[in-house]
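For reference, the structure discussed in these notes is given below.
Protein chains: 2
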Amino acid sequence: MNKAEILIIDDEPQIRKLLQINLESNDYKVIQAGTGKEGLMLSASHPPDLILLDIGLPDMSGHKVLEQLRQWYNKPVIILSVQDDESSIVSALDNGATDYLTKPFRTGELLARIRLALRNSQNIQNHSSIVCGDIEMDFIARTVKKHDNEIKLTSTEYNLLALFVKNAGRVLTHQYILKEVWGYGYQSETQYLRVFVNTLRKKMEENPNNPVHIITESGVGYRFR
Amino acid sequence: MNKAEILIIDDEPQIRKLLQINLESNDYKVIQAGTGKEGLMLSASHPPDLILLDIGLPDMSGHKVLEQLRQWYNKPVIILSVQDDESSIVSALDNGATDYLTKPFRTGELLARIRLALRNSQNIQNHSSIVCGDIEMDFIARTVKKHDNEIKLTSTEYNLLALFVKNAGRVLTHQYILKEVWGYGYQSETQYLRVFVNTLRKKMEENPNNPVHIITESGVGYRFR
DNA sequence: ATGAGATGTAAAGATTTTGTAAAGATGCAG
DNA sequence: CTGCATCTTTACAAAATCTTTACATCTCAT
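Sequence lines, in order, name chains A and B.
Following the working numbering, the numbering of the first sequence begins with 1 at its first residue and continues without gaps.
Following the working numbering, the numbering of the second sequence begins with 1001 at its first residue and continues without gaps.
Written out as structure tokens, the structure reads:
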């Protein structure tokens, strides 16, 4: 499982720094924005898994930012605010905020509420599976189906196929694949790759002699489509 | 849509009265319990749509009530507490609470958080029992039946099977299972898992040598189907 | 066309992971 | 205290997976 990415939208650099340190030490990846506009742009170009949004931004109200975000973004948005104002809280919660914390907040509590929000968003929506022709991969269940029939893959086979599917269409070099699936120090073991690509083809392809999914790019690597 | 039913578990009658008035005037149906035991009984006999749970109960800790509730109840549980104690908040949120409000709370905020919780929970179904093929699990009675015959399971066996059933179809890693069933610090005791999976298979599977329910995913974990 | 380097394939061997039985330890009810 | 149920630990068997080897086949520049 990859690190969850959290976008902080807050104009106070010292708050951002504090949050960054705490979040990163809890194994989240942190992205930062100092204005509402910048936050909206960043979240659109590279959607994070959760957004921490300050209500008191210099360029536009956090309420406005939330409203715009919710037109398309459906992952958690936690509001941070110095305003301990009930109408602000109620309005934010009724307009799509996942939670609302008043500054100064306690770090432990914030982290717990982030865990909760991420847990909920993972269970409800993101049953993210990718479909590539007749192949369907479910990354949460860790299963692979071909024509709705489950294919049994070993752990390494699954990791290899997942790498291919996540990079469908692009050529992956032998070295890169070996590094990602087997780890550092295996980058010259190209024979492993041949063996595993072979068994994957036998399991997935209609005709393993004439593969349509795992294409070999001679001298370079493999490509999935 | 019928009125949503809210169960209040709180020992202070004046708080219950205050909540009742506010909730009923917002078109919720209110049920009340003055002790943890009573709350657990009421929620089991007639599951409400949301529970407001006080931490400081006379007969048992609200944390304990929450833990027992979460064995089968997966609709929102909002904690109300006079303790503005970070460790209590974190522990509640990490153990299944939907939200945590410190008394004295503002009614408008509470109502907004209730609306939010109900909105979020609408998509999730609440199962007090689940049927998986020939296996039927009743989370309230804590019993398991195979072809309508009750299977006798120990507490640990039951917890393990419940975890599997609740996550049917997805691969659960050894570490995750150990953490959920045995707790932190047991994450490397994979041998426990082997022993218990073995006994579960002997009790549930038609042919334990060729299990159809608890599938092993070598190198990763197990999967229930 | 040809041959060297790259890739594919099958299968044996090595290693890791998992399954199983059973003995020892623990805790709890009567 | 005793006996029973359960959990923990140990030892070994069985199975699955990974690694290695040997050789077949393909590709492409000459």
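Yeah, the Cβ is synthetic: ideal placement off N, Cα and C, and Gly gets one too.
Since the model is a prediction, treat every value here as computed from it, not as a measurement.
How many angstroms separate the CA atom of B/LEU1019 from the CA atom of B/LYS1145? Against the second sequence, residue 1019 of chain B aligns to sequence position 19. Against the second sequence, residue 1145 of chain B aligns to sequence position 145. When rounded, the distance between both Cα atoms is 40 angstroms.
Of all Cβ atoms in chain A, is any one closer than 8 angstroms to the Cβ of B/VAL1220? In the second sequence, the residue the question calls residue 1220 of chain B occupies position 220. B/VAL1220 counts as touching chain A.
Can you check which of these residues, A/THR173, A/LEU200, A/GLU67, A/MET204, is closest to A/THR190 by C-alpha distance? Position 190 of the first sequence, counting from 1, holds the residue named residue 190 of chain A. Looking at the Cα atoms, A/THR173 is the closest of the given residues.
For A/GLN32, which three-state DSSP category applies? In the first sequence, counting from the first residue as 1, residue 32 of chain A sits at position 32. In the structure shown, A/GLN32 sits in a strand (DSSP, three-state: E or B).
Under 8 angstroms between the Cβ atoms of B/GLU1024 and B/VAL1030? Here residue 1024 of chain B corresponds to residue number 24 of the second sequence, with the count starting at 1. Here residue 1030 of chain B corresponds to residue number 30 of the second sequence, with the count starting at 1. Yes, they are a contact pair.
From B/ILE1051, B/VAL1065, B/LEU1050, pick the residue whose C-alpha is nearest to that of B/LEU1057; which is it? What you label residue 1057 of chain B is simply residue 57 of the second sequence in a count that begins at 1. The candidate whose alpha carbon is nearest that of B/LEU1057 is B/VAL1065.
Residue of B/SER1061, B/ASN1120, B/LEU1093, B/SER1121 minimising C-alpha distance to A/GLU109: Residue mapping note: residue 109 of chain A aligns to position 109 of the first sequence, counting from 1. The shortest C-alpha separation from A/GLU109 is found at B/LEU1093.
Rounded to whole angstroms, what is the Cα-Cα separation between A/ILE8 and B/ARG1016? Stepping through the first sequence from its first residue, residue 8 of chain A is reached at position 8. Stepping through the second sequence from its first residue, residue 1016 of chain B is reached at position 16. Going from the Cα of A/ILE8 to the Cα of B/ARG1016 covers about 39 angstroms.
Using a Cβ cut-off of 8 angstroms, pull out every chain B residue sitting near A/VAL212, in sequence order please. Start at 1 with the first residue of the first sequence, and residue 212 of chain A comes out as number 212. What A/VAL212 touches in chain B: nothing, since even the nearest Cβ is about 27 angstroms away.
Return the CA-CA distance between A/PRO211 and A/GLN175, expressed in angstroms with no decimal places. Translated into the one-based positions of the first sequence, residue 211 of chain A becomes position 211. Translated into the one-based positions of the first sequence, residue 175 of chain A becomes position 175. Computed Cα separation, rounded: 22 angstroms.
Contact between the segment 1195-1206 of chain B and the segment 1140-1158 of chain B (3+ Cβ pairs under 8 angstroms): yes
Contact set between the segment 1080-1105 of chain B and chain A, restricted to residues whose Cβ is under 7 angstroms from the partner: GLU1086, ILE1089, VAL1090, LEU1093, ASP1094
Below 8 angstroms between beta carbons: does that hold for B/ARG1070 and B/GLY1036? Start at 1 with the first residue of the second sequence, and residue 1070 of chain B comes out as number 70. Start at 1 with the first residue of the second sequence, and residue 1036 of chain B comes out as number 36. Going by C-beta atoms, B/ARG1070 is not nearer than 8 angstroms to B/GLY1036.
Run down chain A in chain order and give the residues with a C-beta less than 9 angstroms from the C-beta of B/GLU1109. Along the second sequence, read from residue 1 onward, the residue named residue 1109 of chain B stands at position 109. Correct list: GLU86, ILE89, VAL90, LEU93, TYR100.
Roughly how many whole angstroms lie between the Cα atoms of A/LEU50 and A/LEU42? Position 50 of the first sequence, counting from 1, holds the residue named residue 50 of chain A. Position 42 of the first sequence, counting from 1, holds the residue named residue 42 of chain A. Between A/LEU50 and A/LEU42, the C-alpha separation is close to 12 angstroms.
A/GLY39 in three-state terms, based on DSSP: Here residue 39 of chain A is taken as the residue at index 39 of the first sequence, counted from 1. Three-state DSSP puts A/GLY39 in a helix.
Would A/ALA162 count as contacting chain B if we go by Cβ distances under 8 angstroms? As a position in the first sequence, residue 162 of chain A is number 162, starting the count at 1. Answer no: the Cβ-Cβ gap between A/ALA162 and chain B never drops below 8 angstroms.
What span of residues does the beta strand (DSSP E) with A/ILE15 cover, start to end? What you label residue 15 of chain A is simply residue 15 of the first sequence in a count that begins at 1. From DSSP, A/ILE15 is part of no beta strand (DSSP E) but of the alpha helix (DSSP H) over 13-25.
For the segment 1167-1190 of chain B, which residues have a beta carbon sitting closer than 7 angstroms to at least one beta carbon of chain A? GLY1169, ARG1170, VAL1171
Cβ neighbours of A/SER87 in the same chain (closer than 7 angstroms, five flanking residues each side left out): Position 87 of the first sequence holds residue 87 of chain A. None.
Between A/VAL197 and A/GLU67, what straight-line distance do the alpha-carbon atoms span, to the nearest angstrom? For the purposes of this step, residue 197 of chain A is taken as residue 197 along the first sequence, with counting starting at 1. For the purposes of this step, residue 67 of chain A is taken as residue 67 along the first sequence, with counting starting at 1. Straight-line Cα distance between these residues: approximately 47 angstroms.
Residues of chain A with a CB under 8 angstroms from the CB of B/ALA1112: which are they? One-based indexing of the second sequence puts residue 1112 of chain B at position 112. In chain order: ILE89, VAL90, LEU93, ASP94.
Does A/SER155 have its Cβ less than 8 angstroms from a Cβ in chain B? One-based indexing of the first sequence puts residue 155 of chain A at position 155. Closer than 8 angstroms to some Cβ of chain B, the Cβ of A/SER155 qualifies, so yes.
Have a look at B/HIS1046, B/PRO1013, B/PRO1047, B/LEU1052 and flag the residue whose alpha-carbon is nearest the alpha-carbon of B/GLY1034. Here residue 1034 of chain B refers to the residue found at position 34 when the second sequence is read from its first residue. Closest by alpha carbon: B/PRO1013.
Using the rule of at least 16 other Cβ atoms within 10 Å of the residue's Cβ for burial, across every protein chain shown, is B/ASN1209 buried or exposed? As a first step, residue 1209 of chain B is located in the second sequence; it is residue number 209 there, counting from the start. Answer is exposed; the Cβ neighbour count stays below 16.
Going residue by residue through the segment 126-190 of chain A, where are the continuous alpha helix (DSSP H) segments of at least 4 residues, counting only ones entirely within it? 155-166, 174-181
Do A/ALA141 and B/ARG1236 have their beta-carbon atoms positioned less than 8 angstroms apart in this structure? Nothing in the structure corresponds to residue 1236 of chain B, since chain B is present only between 1001 and 1225.
Nearest to A/LEU178 by alpha carbon, out of A/ALA168, A/ARG194, A/SER128? Counting from 1 along the first sequence, the entry for residue 178 of chain A is found at position 178. Residue A/ARG194 is the option with its Cα nearest to A/LEU178.
Closer than 8 angstroms, CB to CB, is A/LEU23 near chain B or not? In the first sequence, the residue the question calls residue 23 of chain A occupies position 23. No, no contact with chain B.
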